[in-house]
Amino acid sequence: MAGGWARDGAVQDQIDDTVNDAVSAARARMPRGESAEYCDECGEEIPEKRREALPGVRTCVACQSGRDAAVRQSGINRRGSKDSQLR
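Positions 1 to 87 (full-length UniProt numbering) are the ones given, in order, by the sequence shown.
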């Protein structure tokens, strides 16, 4: 599928590397260590089950949901990206 001087499979290798880099970056951003008992943003108690499920968690569910929504709204539009067209 690759053209020019690229070897066969080079496009898939590039896609795989992009996915692997994104997974590594996401894992690096995951919290580690001891969880907070109270949310860093609002001060509400973080439920014990959440602290057990996500070691190192620093925010309650409501505050984390707000953060996640903000990231989705300011994220990259991948619908028109070259990578999405190669799949």
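For every residue, glycine included, the Cβ atom is placed at its ideal position computed from N, Cα and C.
These numbers come from a predicted model, not from an experiment.
Let me know if Met1 comes out buried or exposed under the rule of 16 or more other beta-carbons within 10 Å of its beta-carbon.
What you label residue 1 is simply residue 1 of the sequence shown in a count that begins at 1. Confidence at Met1 is low in this model, with a pLDDT of 47, below 50, so the placement of that residue is unreliable and no value is reported for it.
Where do the ends of the alpha helix (DSSP H) carrying Thr59 lie?
Your numbering for residue 59 matches position 59 in the sequence shown. Careful: Thr59 lies outside any alpha helix (DSSP H) and carries neither H nor E.
Classify Glu37 as helix, strand or coil using the three-state DSSP reduction.
Taking the sequence shown and counting its residues from 1, the one referred to as residue 37 is at position 37. Here Glu37 sits in coil by DSSP.
In this structure, what does DSSP give as the bridge partners for Glu45?
The sequence position of residue 45 within the sequence shown is 45, counting from 1. Beta bridge pairing from DSSP links Glu45 with Tyr38.
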